[in-house]
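Report on one structure; see the data block that follows.
2 protein chains.
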Amino acid sequence: MAKRSYPLAKVYGLLEPGPVVLLTTARKDRRNIMTMSWHTMMEFEPPLVGCVVSGRNHSFDALRATKECAINIPTRELAKPVVGIGNCSGRSVDKFAKFGLTPVAAAQVEAPLIAECYASLECRVTDTRLVNRYNFFILEVVQAWVDTALKQPQTLHHRGNGVFFAPGEAFRLVSAMK
Amino acid sequence: MAKRSYPLAKVYGLLEPGPVVLLTTARKDRRNIMTMSWHTMMEFEPPLVGCVVSGRNHSFDALRATKECAINIPTRELAKPVVGIGNCSGRSVDKFAKFGLTPVAAAQVEAPLIAECYASLECRVTDTRLVNRYNFFILEVVQAWVDTALKQPQTLHHRGNGVFFAPGEAFRLVSAMK
């Protein structure tokens, strides 16, 4: 995807609709990817994102140790790898190799970006107060990359038990909300 | 909507795809509704939900004081009231009356449920540690009601600036994920 630098003030519109995302980390040159749906925006600018990364995930240790990651937003064409990535562990597998995804160097963090995703958000962990109790990390998005040619990206949304949908046609309502 | 009691273990599938929701509260017989998109699942069972309720919202004080609310999930037919509710304040308006919505008594909390929404989750605030810093409340869902006749509810998903989508056709992928 032809991603360009994207204004941080507009990042909320990428995550607020609830897409499944791919979280990338790197630790001692070991890169990894995990599938994640439990995230929320917490502030517009600088954009803050809260997310749950279970202690059962290999990514948990890397995220806690390096305090860096990237949130990559896949579209429907990547549905099979997205599910596959959620069904195996980085302990035993290089998921970039296994699923034919292309790591791209980030600008501000060590975690790699995924070339095949239409958006990638470079993040730093800014608050770990709820990690012990809930595995909940608060991230600050420090750099965003988006392929803005996709006007209605066909993001993946999980209803549970392997049932997904992608967006139908967008529609506009007059709103004073951001 | 003909809602029935719904298993708490399945609640995550309602919120994980990122729908816009209507948060209801009640304080000293003053009921209110606010529109919210910044929420995430945090635990399967009992279901925990984290959400941002800005201190600028009238609902903030009621939520903090009563530690109770309901999360109501609207479908596309309610798009206009959903936006309208987000564009006015409960300080000066009874939003149930203004938008022609029907309050229904909840089983376990004082906050009213919205009859016109296809799902309603009765919630208690269980953790306020991040309220001062981020306006972030952690809720436990104590009772869920869903109209299970809707197999693919046309929930609303906000891309920012009044642009929304509803789900396209659902599809299934073989997954070991919950």
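Chains as they are written, first to last, in numbering that gives the first Met the number 0: chain A, 0 to 177; chain B, 0 to 177. Ideal Cβ positions, reconstructed from N, Cα and C, are used throughout, including at glycine.
Three-state class that DSSP yields for residue i in the structure shown
{"i": "A:Gly49", "result": "strand"}
{"i": "B:Tyr133", "result": "helix"}
{"i": "B:Thr98", "result": "The question names Thr, yet the displayed sequence has Phe at residue 98 of chain B. In this structure, B:Phe98 counts as coil in the three-state DSSP scheme."}
{"i": "A:Tyr117", "result": "coil"}
{"i": "A:Leu155", "result": "coil"}
{"i": "B:Tyr5", "result": "strand"}
{"i": "A:Arg128", "result": "coil"}
{"i": "B:Val108", "result": "coil"}
{"i": "A:Leu138", "result": "strand"}
{"i": "A:Gly82", "result": "Checking the displayed sequence, the identity of residue 82 of chain A turns out to be Val instead of Gly. In the structure shown, A:Val82 sits in a helix (DSSP, three-state: H, G or I)."}
Distance between residue j and residue i (C-alpha atoms, nearest Å)
{"i": "B:Glu62", "j": "B:Arg75", "result": "Reading off the sequence shown, one finds Leu at residue 62 of chain B, where the question assumed Glu. Spanning the two alpha carbons is a distance of roughly 26 Å."}
{"i": "B:Glu15", "j": "A:Leu155", "result": "11 Å"}
{"i": "A:Ile84", "j": "B:Asp93", "result": "47 Å"}
{"i": "B:Glu42", "j": "A:Val51", "result": "9 Å"}
{"i": "B:Val246", "j": "A:Pro166", "result": "Outside the displayed span of chain B (0 to 177) sits residue 246 of chain B, for which this structure offers no information."}
{"i": "A:Ala25", "j": "A:Phe98", "result": "17 Å"}
{"i": "A:Phe170", "j": "A:Ser4", "result": "26 Å"}
{"i": "A:Leu112", "j": "A:Ala78", "result": "17 Å"}
{"i": "B:Phe163", "j": "B:His157", "result": "4 Å"}
{"i": "A:Pro152", "j": "B:Asp28", "result": "44 Å"}
{"i": "A:Ala110", "j": "A:Cys116", "result": "15 Å"}
{"i": "A:Ile32", "j": "A:Leu149", "result": "23 Å"}
{"i": "A:Thr65", "j": "A:Leu120", "result": "16 Å"}
{"i": "A:Glu67", "j": "B:Glu67", "result": "35 Å"}
{"i": "B:Phe95", "j": "A:Ala96", "result": "54 Å"}
CB-CB length for residue i against residue j, believed under 8 Å
{"i": "A:Val20", "j": "A:Asn56", "result": "A:Val20 to A:Asn56, Cβ: 13 Å. No contact."}
{"i": "B:Leu138", "j": "B:Val48", "result": "5 Å"}
{"i": "B:Phe178", "j": "B:Asn134", "result": "Only positions 0 to 177 of chain B appear in the structure, and residue 178 of chain B is not among them; the question remains open."}
{"i": "A:Thr127", "j": "A:Phe136", "result": "7 Å"}
Sub-8 Å separation of residue i and residue j beta-carbons
{"i": "B:Met40", "j": "B:Tyr11", "result": "yes"}
{"i": "B:Thr23", "j": "B:Ala69", "result": "yes"}
{"i": "A:Val108", "j": "A:Cys122", "result": "yes"}
{"i": "A:Leu7", "j": "A:Glu44", "result": "yes"}
{"i": "B:Arg30", "j": "B:Pro102", "result": "yes"}
{"i": "B:Ala114", "j": "B:Met0", "result": "yes"}
{"i": "B:Val173", "j": "A:Gly54", "result": "no"}
{"i": "B:Gln142", "j": "B:Ala118", "result": "no"}
{"i": "B:Lys9", "j": "A:Gly159", "result": "yes"}
Residue(s) in a DSSP beta bridge with residue i
{"i": "A:Met41", "result": "Beta-bridge pairing links A:Met41 to no other residue."}
{"i": "B:Asn200", "result": "Residue 200 of chain B is absent from the model: chain B starts at 0 and stops at 177."}
{"i": "B:Asn71", "result": "B:Leu21 and B:Ser119"}
{"i": "B:Glu76", "result": "BP columns for B:Glu76 are empty, so no partner."}
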